[in-house]
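Inspection log for the structure reproduced underneath, given as structure tokens.
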Amino acid sequence: MSADLDLLADRHFRPDPQGVLAPKGEGKCGRVLVTVTQALAGTPAGQHLAWMLVNQLARQFGVVAEIALNIANAPPLENTAAFGTKDTLRDTLEECVRLVAGKHIGVLAKFEDTYRFDLHIVVGVSNGRELADRTLCIYADGWRWYVGNGKNMPTLIPLSSLSFGPYMAASFAAGEVYKNLRKILPNKGSYVTECFGSAWTMSLGEGWDSLVDGPGLNEIPVLPHFYFAGAGAVAQAAALTIGSSRINGAASAVDHDKLDVTNDNRYVLSTLDDEEKSKAELLSSYLTDKAFPCHHAPVKWSAYVSTNGKTAMNQEIAALEQQHRFPIVLSCVDKNLPRHEIQTLLPRIIIGGSTDGLVAKVSTFYLGHEAACLKCFNPVEDRNISIQQNREKLVNMSHEQRNEWCRERGISVDALEHFLSKAECGKLSEADLERFAEGSPDMSVGFVSVTAGVLLSAQLIRVIVLGIDKTTVSGHTIAVTFAKVGIRYLKSGPETSCNCRTQLRSTWHRLWEK
34 MSADLDLLAD RHFRPDPQGV LAPKGEGKCG RVLVTVTQAL AGTPAGQHLA WMLVNQLARQ
94 FGVVAEIALN IANAPPLENT AAFGTKDTLR DTLEECVRLV AGKHIGVLAK FEDTYRFDLH
154 IVVGVSNGRE LADRTLCIYA DGWRWYVGNG KNMPTLIPLS SLSFGPYMAA SFAAGEVYKN
214 LRKILPNKGS YVTECFGSAW TMSLGEGWDS LVDGPGLNEI PVLPHFYFAG AGAVAQAAAL
274 TIGSSRINGA ASAVDHDKLD VTNDNRYVLS TLDDEEKSKA ELLSSYLTDK AFPCHHAPVK
334 WSAYVSTNGK TAMNQEIAAL EQQHRFPIVL SCVDKNLPRH EIQTLLPRII IGGSTDGLVA
394 KVSTFYLGHE AACLKCFNPV EDRNISIQQN REKLVNMSHE QRNEWCRERG ISVDALEHFL
454 SKAECGKLSE ADLERFAEGS PDMSVGFVSV TAGVLLSAQL IRVIVLGIDK TTVSGHTIAV
514 TFAKVGIRYL KSGPETSCNC RTQLRSTWHR LWEK
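Count the sequence shown with this note's numbering and you get residues 34 to 547, in order.
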């Protein structure tokens with residue numbers, strides 16, 4: 034059991050790229066109290082908030098030890114829980130923790146007033162009782178959200194059934210839990226006092242009334258068919274946002290990989306019972322169940338494209354694929370080679386969601402603009418060189434270090450032995466060779482992936498409703514930072530060394546401007 038916990042928690046304690054987090058030993062594994070007030074317990078927004086918050090906290094292995102639930106009495110509402118639905122909201126949230134964390138994180142249903150918590154997250158207005166070292170109030174409605182001390186939070190009953198704002202509020206609250214327990218270095222970040230935001234404008238505001246709300250459910254058009262290129266953490270969060278909001282449309286999910294235990298800290302559609310299931314099938318099953326038809330292809334993106342429409346969702350999509358026309362692709366892959374393959378295919382629009390430590394990003398790639406393409410900042414390293422470099426490192430490692438290196442990558446002992454023996458290297462599978470070429474797995478945590486997924490689905494709808502020009506006028510990349518909470522737009526031009534300047538753009542124009 035402890036070995037399983039080490040695997041689940043591993044990504045939480047890796048060095049973060051921004052150098053914000055304190056060393057592992059300086060933090061603590063803490064207790065969190067989640068309260069859902071009577072005013073919000075019976076609303077879609079309140080239940081979206083509560084379920085996504087608890088879902089994310091239950092994945093903070095090694096950081097959160099126990100979650101206490103103080104939940105007002107209410108029946109679960111349709112579409113607010115992707116799994117674990119029971120007769121009451123409280124039982125649904127408890128089941129969510131059980132399915133996600135098993136015995137690794139405790140659930141406390143009853144407690145005395147003398148019981149102390151490290152953090153208290155209140156969905157709604159706090160009653161003022163000091164039960165924890167720090168209390169945060171969260172609220173959302175539609176595309177807007179609030180996280181803070183409650184001083185200036187809205188008191189209106191939320192009306193929208195959309196999950197964009199609630200999921201953003203849940204992610205920022207989960208981020209504050211992680212930062213408080215994991216600890217941040219002095220002068221490297223800050224804790225939230227009050228944060229008002231809109232997922233429609235993708236910006237922060239000074240108060241609730243300053244935020245711009247987006248279209249209601251009835252104002253969002255049916256989404257044209259699009260592709261999930263990759264069905265991992267970011268894609269799951271995007272699919273969950275679309276499905277829980279009951280938006281209409283159609284999609285295809287393409288991913289050859291299967292779930293494993295190391296994914297559970299950030300894959301919000303999966304539970305411990307889903308290990309070894311197809312990522313593409315899990316995502317597509319969820320959306321299809323929400324009346325959003327989603328075709329799944331459990332293969333690599335390059336293999337799917339090479340079928341020339343033979344495995345497409347329907348004849349209409351197949352006809353487009355046979356013409357090499359892929360109108361909208363959501364890039365949710367985390368390796369540069371498939372990113373290059375996606376861009377070289379020349380989709381009309383690519384929207385990419387990604388994470389980098391405590392930063393979530395969504396980028397819109399459109400070759401009709403003089404901006405960076407998906408290839409520009411994602412250079413592909415020579416695999417043979419990477420394999421040779423890693424072999425040299427492994428030869429000089431101790432037995433224990435080798436086992437740890439392989440455990441991080443899901444590589445078997447037999448594969449390691451074959452790898453270190455050049456004569457036996459031919460016995461390795463293509464998947465093993467790719468793993469031996471990889472660097473060390475990055476630090477990652479669920480609330481960053483969820484934020485990237487929410488932004489990805491929001492940007493898809495913004496592009497469809499507002500158009501590509503209006504949604505990129507301030508920049509083609511939107512970055513959300515958690516060390517010091519912020520949202521900013523970034524502008525970047527094409528790299529001089531990328532063939533998007535000399536070849537791809539002209540071909541793209543011929544393909545899409547017929």
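No residue lacks a Cβ here, since even glycine has one placed at the ideal position from N, Cα and C.
Leaving out five residues on either side along the sequence, give the residues of the same chain with a beta carbon under 7 Å from the beta carbon of residue i.
i, result
"G240", "N185 and F229"
"Y211", "Q93, V96, V478 and F480"
"A105", "V69, T70, Q71 and A74"
"D290", "K312"
"G117", "T125, E128, C129 and L132"
"D49", "G390, L391 and M476"
"T304", "F116, L132 and V133"
"P412", "N369"
Helix or strand or just coil, what does DSSP make of residue i?
i, result
"R521", "strand"
"S35", "Low per-residue confidence applies at S35: pLDDT is 49, beneath 50, and the placement is therefore not dependable, though the value from the model is reported in the following sentence. It is helical."
"D43", "helix"
"C129", "helix"
"Y300", "coil"
"L558", "Missing from the structure shown is residue 558; the chain here goes from 34 to 547 and no further."
"D146", "coil"
"R377", "A small correction: the amino acid at residue 377 is Thr; Arg does not occupy that position in the sequence shown. Helix, per DSSP."
"Y200", "helix"
"G135", "coil"
"R358", "coil"
Taking 9 Å as the threshold (C-beta atoms), are residue j and residue i in contact?
i, j, result
"D475", "R162", "no"
"T168", "I190", "no"
"L40", "V294", "yes"
"S339", "H329", "no"
"L195", "S278", "yes"
"Y551", "M235", "Here the chain covers residues 34 to 547 and nothing more, so residue 551 does not appear."
"F261", "V287", "yes"
"L549", "A202", "Because the chain is modelled from 34 through 547, residue 549 falls outside the range shown and cannot be assessed."
"G263", "A405", "no"
"K517", "G52", "no"
"A283", "F325", "yes"
"D151", "N213", "yes"
"W84", "A114", "yes"
"I520", "L256", "no"
For the alpha helix (DSSP H) that residue i lies in, which residues bound it at each end?
i, result
"R595", "Nothing can be reported for residue 595, as the shown portion of the chain is limited to 34 through 547."
"V496", "G479 to L499"
"I275", "A266 to S277"
"A543", "Going by the sequence as given, residue 543 is Arg instead of Ala. Segment R538 to W545, the alpha helix (DSSP H) holding R543."
"D322", "K312 to D322"
"E450", "V446 to L453"
Closer than 8 Å by C-beta to residue i: which residues in its own chain qualify, once you throw out the five before and the five after it? Chain order, please.
i, result
"S35", "Confidence at S35 is low in this model, with a pLDDT of 49, below 50, so its placement is unreliable and the value that follows should be read with caution. Taken in chain order, the list of residues that qualify is empty."
"A352", "G342"
"C439", "S445, V446, A448 and L449"
"A98", "C62, G63, R64, I138 and G139"
"T226", "G181 and N182"
"C409", "S525, P527, E528, C531 and C533"
Excluding the 5 residues preceding and the 5 following residue i in the sequence, name in chain order all residues of the same chain whose CB lies nearer than 6 Å to its CB.
i, result
"I501", "Y399"
"T484", "S204, A393 and V513"
"P380", "F359 and V362"
"E309", "K291"
"T535", "none"
"C170", "V155, S159, G183 and M186"
"F144", "A101"
Thinking C-alpha only, which one of the options is nearest residue i?
i, options, result
"E433", "Q421, V446 and A324", "V446"
"G249", "G526, A114, S396 and V498", "V498"
"A313", "V255, G247, L54 and A268", "A268"
"L15", "W438, R358 and L493", "In the structure displayed, the chain extends from 34 to 547; residue 15 sits before or after that span and is not available."
"Y148", "N182, W176, A101 and K119", "A101"
"A78", "P331, L192 and M430", "L192"
"G215", "T321, L141, E59 and D174", "Before going on, a small fix: residue 215 reads as Arg here, not Gly. When only C-alpha atoms are compared, the closest one is E59."
"S243", "Y200, Y179, Q355 and L488", "Y179"
"L407", "G157, T505 and H373", "H373"
"W176", "Y200, N281, H451 and I383", "Y200"
"I253", "I275, L237, G238 and G265", "I275"
Along the beta strand (DSSP E) that carries residue i, what are the first and last residues, could you check?
i, result
"S396", "V392 to F398"
"G386", "I382 to D389"
"P257", "L256 to A262"
"T510", "T510 to T514"
"N103", "V97 to I104"
"T76", "Where T76 is concerned, there is no enclosing beta strand (DSSP E), given that its DSSP letter is neither H nor E."
"A345", "From DSSP, A345 is part of no beta strand (DSSP E); its letter is neither H nor E."
"V332", "That residue, V332, is in no beta strand (DSSP E); it is neither H nor E in DSSP."
For residue i and chain C, any beta-carbon pair shorter than 9 Å?
i, result
"D502", "Absent from the structure: chain C. Only one protein chain is present."
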